[in-house]
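From first to last, the protein sequence lines stand for chains V and A. What the first sequence shows, in the numbering used here, is residues 1023 to 1335, in sequence order. What the second sequence shows, in the numbering used here, is residues 1023 to 1335, in sequence order. Data block below; observations after.
Number of protein chains: 2
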Amino acid sequence: MNNNLLSDFRKGDKKALARIITLVENETKKGMEIISELYSEGNVGYRIGITGPPGVGKSTTVNALLKELSLIDENIGIIAVDPSSPFTGGAMLGDRLRMNNSYDYENVFIRSVASRGSLGGLSAATENIAVLMERFGKNTLLIETVGVGQSELDIMEITDTVIVLLVPESGDSIQAMKAGIMEIGDIFVVNKADREGADRAVQYIKTVLSLNDKKGWIPPVIKITAKNNDNVNELVDSIKEHKNYLKTNKLLDKNRKSRKIEEVENLLRDMFIKNLKLNREKIIKSNESPYKIAMKIMNNIEKVDTEDLWKEK
Amino acid sequence: MNNNLLSDFRKGDKKALARIITLVENETKKGMEIISELYSEGNVGYRIGITGPPGVGKSTTVNALLKELSLIDENIGIIAVDPSSPFTGGAMLGDRLRMNNSYDYENVFIRSVASRGSLGGLSAATENIAVLMERFGKNTLLIETVGVGQSELDIMEITDTVIVLLVPESGDSIQAMKAGIMEIGDIFVVNKADREGADRAVQYIKTVLSLNDKKGWIPPVIKITAKNNDNVNELVDSIKEHKNYLKTNKLLDKNRKSRKIEEVENLLRDMFIKNLKLNREKIIKSNESPYKIAMKIMNNIEKVDTEDLWKEK
């Protein structure tokens, strides 16, 4: 069965990809074996992150991007990260299915992620799905997440180009900026640019960006109207420019390497707590502060030789 | 100096409180000693969390609540959690100062939290400040955070009553619900109820809540217009009812206990990674998946006796 799944996956069977993703998402032993086996194989894709506050039209933009990018690369994967509540969780998948049907690209593979309780959190779950899609042959990944909270913004760290989506209404933009969204964008997009105030929004974003003294890539600010596919080609050009910039400056590889280390750290963090059996009663009854308790526990964990922690036993 | 600070704090010197908070926020050794000493002392407050998507009027509502609650309890603390970007970080504090001046309650203490890189994350930093304010004598704490992302929603776990703020425009509300905000609310508030569609929003929220099959407390849905102090007294009544419900069902204490365990876990998670010296080069060069690497590292960490990890050395 295991072997069949893997060989079906290697033959390009979409159902096998979907099944393996589910196994990995549920952190089954089998899923982890499969992803470990596939990890060293072949294809790596280019990952485009799309984020922004609720209501800016992320799904519509992903849709428009998909249409435009399909002219260049037919083998696209879409990952929608949606840490929804159980009773509204179905909505987004429904949108997706509609979206998928409306264009019917044969090679597009769409997957939602909502496994927020998993080891390493949402980013690790998303990274696993991205790796599986890449090994399956996807060359371009569109990874979409709502961009107001920290966990959601963290997901953008596993992508190569981050698109921050905003709308002409400045209130929204200012609020979004507060949540740290301005620092992570490689490209800024004012969507729904057919509405009033789009030029003012572009100016405002440029001003805020100019306050940032980071060296290197200067994020362009682009107006689009995704629902009419208006100016989406300019957005695609910017993505290409950013990709070239990363390649020329050898940042693509560097970013991917630090991504891997962060992922190992996130997994270790969660595995460590999972393995610890804390004396809950003792903690509750204690008069001591959580910090002091944590310090004592850490002090009692044997300082292992950290020079070569990762050796075969 | 240490002793002076502590005795000034115990005498009720606001400047000493502010200084100690800064020491604790920066995770200085002195700060940790002081909070450990104060931890076992006296006063515990009632914590009210206020969350909601950007633009729903959280600051205005906190302001209105402050005015109303001051009639009952003069000793109120406000904590505004704002994981801002460095170049817009000042805005909120500015708002706060204006807010503070406009009423000038002598006993109100206001503090912003933005230390997102700290051990245990934003919730741990907020918890520390809350504990300090409580030990200082604050009986009621208002803790405000933008509520769309996971880290921000996590902060609500350190409060006793969670108020979820929405506005009549259903688009916003629906989007907010997607992000898991509907599950954490003890009280739902439609602010800006003088705008069109408030009743429809209330109905909509009630419908969504009715899909939830959790037993126990049924969250009320209240219309207010915070900027005119309109109906804020009803909100205060609901807070009192929820507090009574928690007390009657012995949940207040239970929630606080699990809060302490979670905090210890969060701290341990971060301390563990901070202590580990990972062989970064080896991780990068490896063909193995992050999961497999993390598993190997965990296997090589001596399985310590977890029965009584927390013992004096």
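Note that the Cβ used here is the ideal one computed from N, Cα and C, for glycine as well.
Could you give the residue range of the beta strand (DSSP E) that holds residue i?
i, result
"Ala1146/A", "Run containing Ala1146/A: none in the beta strand (DSSP E); it sits in the alpha helix (DSSP H), 1143 to 1158."
"Leu1187/A", "1183 to 1188"
"Lys1245/A", "1243 to 1245"
"Thr1162/V", "1162 to 1168"
"Lys1217/A", "Lys is not the amino acid found at residue 1217/A; the sequence shown has Arg there. Segment: none, Arg1217/A is in no beta strand (DSSP E) and carries neither H nor E."
"Gly1099/A", "1098 to 1103"
"Val1135/A", "1131 to 1135"
"Ile1180/A", "No beta strand (DSSP E) contains Ile1180/A, which DSSP labels as neither H nor E."
"Ile1209/V", "1209 to 1212"
Can you list the residues of chain B that residue i reaches, using a CB-CB cut of under 8 Å?
i, result
"Ser1058/V", "Here the protein chains are V and A, and chain B is not one of them."
Residue i touches chain A at which residues, Cβ-Cβ below 8 Å?
i, result
"Ile1306/V", "Lys1279, Lys1282, Ile1283"
"Tyr1061/V", "Asn1309, Glu1310, Ser1311, Lys1314"
Note down, in chain order, every chain V residue with its Cβ under 8 Å from the Cβ of residue i.
i, result
"Val1286/A", "Leu1300, Ile1305, Pro1312, Ile1315, Ala1316, Ile1319"
Write down the C-beta distance between residue i and residue j rounded to the nearest angstrom, noting that I regard them as a contact closer than 8 Å.
i, j, result
"Ile1098/A", "Leu1164/A", "7 Å"
"Leu1141/A", "Asp1292/A", "5 Å"
"Leu1274/V", "Asp1182/V", "6 Å"
"Val1078/V", "Val1189/V", "5 Å"
"Asn1253/V", "Ile1244/V", "7 Å"
"Pro1312/V", "Glu1285/A", "4 Å"
"Asp1257/V", "Leu1087/V", "The sequence shown places Leu at residue 1257/V, rather than the Asp named in the question. With 8 Å as the limit, Leu1257/V and Leu1087/V qualify as a contact, their Cβ atoms being about 7 Å apart."
"Ile1042/V", "Leu1154/V", "6 Å"
"Ile1295/A", "Glu1287/V", "5 Å"
Would you kindly check if the distance between the Cβ of residue j and the Cβ of residue i is under 8 Å?
i, j, result
"Val1084/A", "Glu1156/A", "no"
"Gly1219/V", "Val1186/V", "no"
"Ile1319/A", "Leu1290/V", "yes"
"Arg1069/V", "Ala1152/V", "yes"
"Asn1213/A", "Glu1090/A", "no"
"Thr1082/A", "Ala1223/A", "no"
"Thr1050/V", "Val1184/V", "no"
"Ser1260/V", "Ile1209/V", "yes"
"Thr1167/V", "Ile1180/V", "no"
"Ser1058/A", "Lys1314/V", "yes"
"Ile1246/V", "Ala1215/V", "yes"
"Lys1036/V", "Phe1131/V", "yes"
"Ile1101/V", "Arg1133/V", "yes"
"Tyr1061/A", "Glu1303/V", "no"
"Asn1129/A", "Glu1096/A", "yes"
"Leu1231/A", "Ile1203/A", "no"
"Gly1143/A", "Gly1034/A", "no"
Could you check where the alpha helix (DSSP H) with residue i kicks off and where it finishes?
i, result
"Gly1067/V", "Looking at the DSSP string, Gly1067/V is not in any alpha helix (DSSP H), and its letter there is neither H nor E."
"Lys1269/V", "1254 to 1270"
"Leu1088/A", "1080 to 1091"
"Lys1299/V", "No alpha helix (DSSP H) contains Lys1299/V, which DSSP labels as neither H nor E."
"Arg1337/A", "With chain A represented from 1023 up to 1335, any question about residue 1337/A goes unanswered, as that position is not in the structure."
"Val1046/A", "1036 to 1047"
"Ser1058/A", "1051 to 1061"
"Ile1206/A", "1203 to 1206"
"Ile1094/A", "Where Ile1094/A is concerned, there is no enclosing alpha helix (DSSP H), given that its DSSP letter is neither H nor E."
"His1315/V", "At residue 1315/V the sequence reads Ile, which differs from the His that was named. Element bounds for Ile1315/V: 1312 to 1322."
Whose Cβ in chain V lies nearer than 7 Å to the Cβ of residue i?
i, result
"Leu1289/A", "Pro1312, Tyr1313, Ala1316"
At a CB-CB cut-off below 9 Å, which residues of chain V make contact with residue i?
i, result
"Tyr1267/A", "Chain V residues near Tyr1267/A: none, gap ~22 Å exceeds 9 Å."
"Phe1210/A", "Residues of chain V passing the Cβ test: none, with the nearest at roughly 14 Å."
"Phe1031/A", "Neighbours of Phe1031/A on chain V: none; closest Cβ ~15 Å, over 9 Å."
Below 7 Å on C-beta distance, what does residue i contact in chain A?
i, result
"Met1054/V", "Tyr1313"
"Met1178/V", "Correct list: empty, because the minimum Cβ distance to chain A is about 12 Å."
"Pro1075/V", "Pro1076"
Going along chain A in order, which residues have a C-beta closer than 9 Å to the C-beta of residue i?
i, result
"Phe1131/V", "Chain A residues near Phe1131/V: none, gap ~20 Å exceeds 9 Å."
request  = Please list the residues of the stretch 1142 to 1158 of chain A that have a C-beta atom closer than 7 Å to any C-beta atom in chain V, keeping them in chain order.
outcome  = Answer set for the stretch 1142 to 1158 of chain A: empty.
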